[in-house]
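**Q** When the letters of the sequence shown are read in order and numbered with UniProt numbering, they come out as residues 1 to 217.
C-beta: ideal position from N, C-alpha, C; glycine also.
This structure is a prediction, so every number in the text was calculated from the model and none was measured.
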Amino acid sequence: MNSVYNQAVKQMSFLRQSVDGVDMGTVPMEEGEARASEASERLGEIIKEYESLAKREIIATKQKMAEARVEKLRNGRAEQLERLRRAKDRQGQRAHQAEERNQLFQAPQTYGEGGESTVISMGEVDHQARERAFADATESQLDDFLAQGRAALNNLVEQRSMLKGAQRRVLDAANTLGLSRNVIQYIERRSTQDKYIFFAGLFTCIFLMWATIHYLT
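#1: Report all residues from its chain with a CB closer than 8 angstroms to the CB of Gln11; omit the five preceding and five following residues, and keep chain order.
#2: How long is the line joining the alpha carbons of Gly25 and Ala8, rounded to whole angstroms?
#3: Identify the continuous alpha helix (DSSP H) that holds Ile46 and give its terminal residues.
#4: Among the candidates Gly32, Leu53 and Ala36, whose CA atom is the shortest distance from the CA of Asn2?
#5: Which class does Met24 belong to by DSSP, given the choice of helix, strand or coil?
#6: Beta-carbon separation of Val22 and Glu51 under 8 angstroms?
#7: Under the assumption that Gln80 contacts Arg132 (Cβ atoms under 8 angstroms), give the Cβ distance between them as a whole number of angstroms.
#8: Would you mind working out which of Gly32, Phe14, Met209 and Ile206 sits nearest Arg85, comparing C-alpha positions?
#9: Quick one: measure Cβ to Cβ for Arg35 and Ser18, integer angstroms, because I've assumed they're closer than 8 angstroms.
#10: May I have the straight-line CA-CA distance separating Ala200 from Arg83, to the nearest angstrom?
#11: Looking only at its own chain, which residues have a Cβ that is under 8 angstroms from the Cβ of Lys88, when we skip the five neighbours before and after it?
#12: Would you call Arg77 buried or exposed, if buried means 16 or more other Cβ atoms sit within 10 Å of its Cβ?
#13: Helix, strand or coil: which one does DSSP assign to Met65?
#14: Once you ignore the five residues that flank Glu49 on each side, which residues in its own chain have a CB closer than 8 angstroms to its CB?
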């Protein structure tokens, strides 16, 4: 089930990147819109698959966490589609402003405060639109990185729980079979090593998430 969730996170990242391309004007509108629509459709399929797996989960805590993930993925998908709609509107506004500028420059030249003010105000509007698009793209990329960090953190926690359960079962089996104390000590040492690896990965993940928030906001 984790592998399907990781696919959903990656597809969400691709959807954000596609919307960013439209929002910032780095790709043609038709191409960016088609790419974003395809990514959104694929993400919807993965969410349905993950939801189906979540309903079959027998452990209540894992099922609850999976259901929360489904809700979050759906909200994220809806948010990106809304961003795409706003980006299309802004692209249309920029195209309209560009057409107005062309008409203004092609018209007979008149000198005065009124004409100069019109050109400057249209330039300011275009600049503000680009700034908003850049801010939205940066925010979406930050959200994407944090989502991937949270997914990695959740996977580490789940793997830690699985390792603890496996250790208990191995020790119980060793005691039942009457294995030597050396074998049991070896198992315990490996468990300690796994614990160090787990906490090292945990702290690294938390540090990277903190560094991203600290330096990009």
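**A** Let me spell this out:
#1: In its chain, beyond the 5 residues on either side, Ala39, Arg42, Leu43 and Ile46 have a beta carbon closer than 8 angstroms to the beta carbon of Gln11.
#2: 26 angstroms
#3: Met29 to Lys55
#4: Leu53
#5: helix
#6: no
#7: Contact doesn't hold; Cβ gap of about 16 angstroms is too wide.
#8: Gly32
#9: Between Arg35 and Ser18, the beta carbon gap of about 4 angstroms places them in contact (Cβ cut-off 8 angstroms).
#10: Ala200 and Arg83 have their C-alpha atoms roughly 37 angstroms apart.
#11: Closer than 8 angstroms at Cβ, skipping near neighbours: Val22, Met29 and Glu33.
#12: By the neighbour-count rule (16 or more Cβ atoms within 10 Å), Arg77 is buried.
#13: helix
#14: Val4
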